[in-house]
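Participant:
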Amino acid sequence: MIAPEPAKRARAPAKPKAGEGERVIRTRDPERTKASILAAATAEFSARGFAGAGIDAIASRSGANRRMIYHYFGSKRGLWLAVLEAAYERARTSELKLDLDRLSPEEALRRLVTFTFDSFIGERTFINLLNSENLHQARHLKESERVKEMHSPLIGMISTIVARGVEAGVFRPGHDPAQLWISIAGLSYFYFSNIFTLSVILNRDLAARKELDARRTHVAELVLNALRLPPA
Numbered sequence: 002m003i004a005p006e007p008a009k010r011a012r013a014p015a016k017p018k019a020g021e022g023e024r025v026i027r028t029r030d031p032e033r034t035k036a037s038i039l040a041a042a043t044a045e046f047s048a049r050g051f052a053g054a055g056i057d058a059i060a061s062r063s064g065a066n067r068r069m070i071y072h073y074f075g076s077k078r079g080l081w082l083a084v085l086e087a088a089y090e091r092a093r094t095s096e097l098k099l100d101l102d103r104l105s106p107e108e109a110l111r112r113l114v115t116f117t118f119d120s121f122i123g124e125r126t127f128i129n130l131l132n133s134e135n136l137h138q139a140r141h142l143k144e145s146e147r148v149k150e151m152h153s154p155l156i157g158m159i160s161t162i163v164a165r166g167v168e169a170g171v172f173r174p175g176h177d178p179a180q181l182w183i184s185i186a187g188l189s190y191f192y193f194s195n196i197f198t199l200s201v202i203l204n205r206d207l208a209a210r211k212e213l214d215a216r217r218t219h220v221a222e223l224v225l226n227a228l229r230l231p232p233a
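Whatever position you read off the sequence shown (first residue = 1), add 1 for our numbering.
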C-alpha cells in the first residue's frame with residue numbers, strides 16, 4: 002500500500018523588496034505621494050536650479066517614479082511652479098499669523114521687519130528658488146494667479162499698519178504699502194543672498210550672531226525712520 006503524500010504547506014506570501022511596501026503605500030495615498038514629490042523637488046531645485054534639476058533625481062529622492070510625477074504635476078515646468086507656489090505660501094502664511102493688530106503701529110512694523118529678517122536666517126532654499134526664477138525673468142511665475150492673490154492680504158496688512166500710524170500721529174502720510182514691503186523684503190534678502198561674498202569683501206563673518214543682531218536692528222530702525230514724523 003502506498004502511503005499518501007503529505008499535504009503541501011501553503012507558501013507564505015513573499016516579502017516585498019526594499020522600498021516596494023513604501024511605494025505601494027504612496028500610490029494609495031495621493032496626498033502623501035504629492036507631498037513627498039514636492040519636498041524632493043524643492044530640495045533638488047534649490048540645489049541645482051530649474052535648469053539643472055532632473056526628474057530622475059527628484060523621483061529617486063521622493064521614492065516615486067517618473068510616471069507619478071507627471072501624473073500629479075504634468076511636467077517639470079508644472080512641478081517647478083508648484084514648488085514656487087508652496088514656498089511663497091509658507092512665507093505669506095507665517096506673516097499673516099503674526100497678529101499685528103494688537104501692537105502699536107511702530108511695534109507692529111518693527112515686528113514685521115524683524116520677522117522678515119529672521120525668516121531668512123539659515124534658510125537658503127527660498128533664496129535659491131527666487132534666484133533661479135529671476136534668472137528666467139519670472140517666466141514660470143507669471144502663470145500663477147495664486148501667487149498674486151496670496152500677496153494681497155500682506156499688502157493690506159502693511160497698509161493698515163501705516164494708516165494706524167498716520168492716525169496716531171507717529172507716521173508721515175503718503176507711503177505706498179507695496180513699495181514699503183519691497184524695501185522691507187529687499188533689505189533682508191540682499192543681505193542673505195549675498196552673505197558669502199559680502200563677508201569676504203568686508204572681511205567680516207556676516208553670519209555670526211553678533212553681525213545678525215546688528216543688521217536686524219539696523220534694518221528695523223531704517224524702515225521706521227523712513228516713516229516717522231520728524232520731531233517737532
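Every residue gets a Cβ at the ideal spot worked out from N, C-alpha and C, and that includes glycine.
Taking only three categories from DSSP, how would you classify Pro-231?
Facilitator: By 1-based counting over the sequence shown, the position of residue 231 is 230. Coil at Pro-231, not helix or strand.
Participant: Express the C-alpha separation of Arg-103 and Glu-188 in angstroms, rounding to a whole number.
Facilitator: Residue mapping note: residue 188 aligns to position 187 of the sequence shown, counting from 1. Residue mapping note: residue 103 aligns to position 102 of the sequence shown, counting from 1. Looking at the sequence provided, one finds Leu at residue 188 rather than Glu. One C-alpha to the other measures close to 25 Å.
Participant: What is the residue span of the alpha helix (DSSP H) that Pro-174 lies within?
Facilitator: Here residue 174 is taken as the residue at index 173 of the sequence shown, counted from 1. Run containing Pro-174: none; DSSP gives neither H nor E here.
Participant: Tell me the DSSP secondary structure of Asn-226 in three-state form.
Facilitator: As a first step, residue 226 must be located in the sequence shown, where it is residue number 225. In this structure, Asn-226 counts as helix in the three-state DSSP scheme.
Participant: Using CA coordinates, which residue listed in Pro-31, Ala-40 and Leu-230 is at the minimum distance from Thr-126?
Facilitator: By one-based count along the sequence shown, residue 126 stands at place 125. When only C-alpha atoms are compared, the closest one is Ala-40.
Participant: Could you name the residues of the same chain whose beta carbon sits closer than 6 Å to that of Asp-214, not counting the 5 residues immediately before and after it, in chain order?
Facilitator: Start at 1 with the first residue of the sequence shown, and residue 214 comes out as number 213. No residues qualify anywhere along the chain.
Participant: What is the DSSP secondary structure of Ser-61, reduced to helix, strand or coil?
Facilitator: What you label residue 61 is simply residue 60 of the sequence shown in a count that begins at 1. The answer is helix: DSSP assigns Ser-61 an H, G or I state.
Participant: Hey, how far is the Cα of Leu-155 from the Cα of Arg-216?
Facilitator: Start at 1 with the first residue of the sequence shown, and residue 155 comes out as number 154. Start at 1 with the first residue of the sequence shown, and residue 216 comes out as number 215. Spanning the two alpha carbons is a distance of roughly 23 Å.
Participant: For Glu-124, does the three-state DSSP call read helix, strand or coil?
Facilitator: Within the sequence shown, the letter at position 123 stands for residue 124. Residue state, collapsed to three classes: coil.
Participant: Suppose you measure from the CA of Glu-23 to the CA of Gly-79; what does that come to, to the nearest Å?
Facilitator: Counting from 1 along the sequence shown, the entry for residue 23 is found at position 22. Counting from 1 along the sequence shown, the entry for residue 79 is found at position 78. Note on Glu-23: pLDDT 43, under 50, position unreliable in the model; the coordinate value appears next. Each residue's Cα considered, the two are about 25 Å apart.
Participant: Check whether the segment 166 to 177 and the segment 100 to 115 touch, using three or more Cβ-Cβ pairs below 8 Å as the test.
Facilitator: Contact holds: three or more Cβ-Cβ distances are below 8 Å.
Participant: Measuring only the C-alpha atoms, how far is Trp-81 from Val-171?
Facilitator: The sequence position of residue 81 within the sequence shown is 80, counting from 1. The sequence position of residue 171 within the sequence shown is 170, counting from 1. Those two C-alpha atoms are separated by around 43 Å.
Participant: Helix, strand or coil for Ser-184 per DSSP?
Facilitator: Looking up residue 184 in the sequence shown gives position 183. Of the three classes helix, strand and coil, the one that applies to Ser-184 here is helix, per DSSP.
Participant: Keeping to the same chain, check which residues put their C-beta closer than 6 Å to that of Gly-50; ignore five residues upstream and five downstream.
Facilitator: By 1-based counting over the sequence shown, the position of residue 50 is 49. Excluding sequence neighbours, Gly-50 sits near Ser-133.
Participant: Is the Cβ-Cβ distance between Ile-185 and Val-224 less than 8 Å?
Facilitator: For this step, residue 185 is matched to residue 184 along the sequence shown. For this step, residue 224 is matched to residue 223 along the sequence shown. In contact: Ile-185 and Val-224 (Cβ atoms closer than 8 Å).
Participant: Tell whether a beta-carbon distance below 8 Å holds between Val-84 and Thr-34.
Facilitator: In the sequence shown, counting from the first residue as 1, residue 84 sits at position 83. In the sequence shown, counting from the first residue as 1, residue 34 sits at position 33. Taking 8 Å as the Cβ cut-off, Val-84 and Thr-34 do not qualify as a contacting pair.
Participant: Which residue comes first and which comes last in the alpha helix (DSSP H) that contains Glu-144?
Facilitator: As a working mapping, residue 144 is identified with position 143 in the sequence shown. That residue, Glu-144, is in no alpha helix (DSSP H); it is neither H nor E in DSSP.
Participant: So, with DSSP's three-state summary, where would you put Asn-132?
Facilitator: As a first step, residue 132 is located in the sequence shown; it is residue number 131 there, counting from the start. Residue state, collapsed to three classes: helix.
Participant: Look up Ala-41 in the DSSP assignment and say whether it is helix, strand or coil.
Facilitator: Your numbering for residue 41 matches position 40 in the sequence shown. If DSSP states are grouped into helix, strand and coil, Ala-41 belongs with the helices.
Participant: Counting along the chain, where does the alpha helix (DSSP H) carrying Lys-77 start and finish?
Facilitator: What you label residue 77 is simply residue 76 of the sequence shown in a count that begins at 1. 77 to 97 is the span of the alpha helix (DSSP H), which, as asked, contains Lys-77.
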